[in-house]
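Below is one structure, written out as structure tokens; comments come after it.
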Amino acid sequence: MPDPIEGVVQRRQNRRMTDPTAAPLTAADLVALARAARRDPPCPTCVSLVCPGWEAMPASIARDALERVGTLRDPTIEEPTVAEYHPAGTHAWSPEAPIAPRWFPYNRCDVWRCGTCARAFLRYTEYGGYYNEERVREIDANRVVDAPGPA
Ligand SMILES: [Zn+2]
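Just so you know, we're using numbering that gives the first Met the number 0 here: the sequence shown kicks off at 0 and counts up by one.
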């Protein structure tokens, strides 16, 4: 069976030859990345990031602890929606909130993984009126849904 992560990494490397931007990833890629991570125990490098819902990026994390795998941003969409996808009544901070790549905030996330244990994370920057906050959420394969975007 081909290793799905090798496929993702290979695509990224191929793309890097011609395109300096991050490789676009799909919901299926997220599932493959999350499943490939060694689950237990959390490794010391990324243990402070392991969170089922969104959290502010801890300042303590070493900047080179994570490597960027790709992005969920669609370069063909100029203004990604700010609508959220919560069919089961979750909210943005819920640990159970779906990870729906075409909906906010997933549609502006980059995908990272721990260089030590390959645990996969989403990151984006929340632009508030008076602050910017970098946020991080671990990718749980069971939360990923390939829902169509808003019409
Ligand atoms: Zn780790």
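Every residue, glycine too, gets a C-beta built ideally from N, C-alpha and C. All figures in this text were calculated on a predicted structure; none of them were measured in a lab.
> How many angstroms separate the CA atom of Ala-64 from the CA atom of Glu-77?
Replying inline: Looking up residue 64 in the sequence shown gives position 65. Looking up residue 77 in the sequence shown gives position 78. Distance between the alpha carbons of Ala-64 and Glu-77 is about 30 angstroms.
>> Please report the distance separating the alpha-carbon of Ile-98 from that of Leu-32.
In response: Indexing the sequence shown from 1 puts residue 98 at position 99. Indexing the sequence shown from 1 puts residue 32 at position 33. When rounded, the distance between both Cα atoms is 13 angstroms.
>> In this structure, how does DSSP classify Arg-118 when only helix, strand and coil are distinguished?
In response: Counting from 1 along the sequence shown, the entry for residue 118 is found at position 119. Coil.
> Whose C-beta lies closer than 8 angstroms to the C-beta of Asp-18 among residues of the same chain, with five residues either side of it excluded?
Replying inline: Walking along the sequence shown from the start, residue 18 turns up at place 19. For Asp-18, the predicted model reports a pLDDT of 42, less than 50, meaning its position is unreliable; a value from the coordinates is still stated below. So no residue of the chain qualifies.
> Using a threshold of 8 angstroms, is the CB atom of Pro-41 nearer than that to any non-hydrogen atom of ligand 1?
Replying inline: Within the sequence shown, numbered from 1, the residue matching residue 41 stands at position 42. Result yes, Cβ under 8 angstroms from ligand 1.
>> DSSP three-state label for Arg-34, please.
In response: Translated into the one-based positions of the sequence shown, residue 34 becomes position 35. Three-state DSSP puts Arg-34 in a helix.
> Going by alpha carbons, who is nearest to Thr-44 out of Glu-66, Glu-133, Ala-35?
Replying inline: Counting from one through the sequence shown, the residue named residue 44 turns up at place 45. Nearest option by C-alpha distance: Glu-66.
> Can you give the Cα-Cα distance for Cys-108 and Arg-136, rounded to whole angstroms?
Replying inline: Here residue 108 corresponds to residue number 109 of the sequence shown, with the count starting at 1. Here residue 136 corresponds to residue number 137 of the sequence shown, with the count starting at 1. Distance between the alpha carbons of Cys-108 and Arg-136: 10 angstroms.
> Mapping DSSP to helix, strand and coil, what is Val-144?
Replying inline: Looking up residue 144 in the sequence shown gives position 145. Note: Val-144 maps to coil in three-state DSSP.
>> Whole angstroms are fine: how far does the CA of Ala-22 sit from the CA of Gln-9?
In response: Numbered from 1 along the sequence shown, position 10 holds the residue referred to as residue 9. Numbered from 1 along the sequence shown, position 23 holds the residue referred to as residue 22. For Gln-9, the predicted model reports a pLDDT of 49, less than 50, meaning its position is unreliable; a value from the coordinates is still stated below. The straight-line gap from Cα to Cα measures roughly 10 angstroms.
>> Whole angstroms are fine: how far does the CA of Thr-124 sit from the CA of Asn-181?
In response: What is shown of the chain runs 0 to 150, which leaves residue 181 out entirely.
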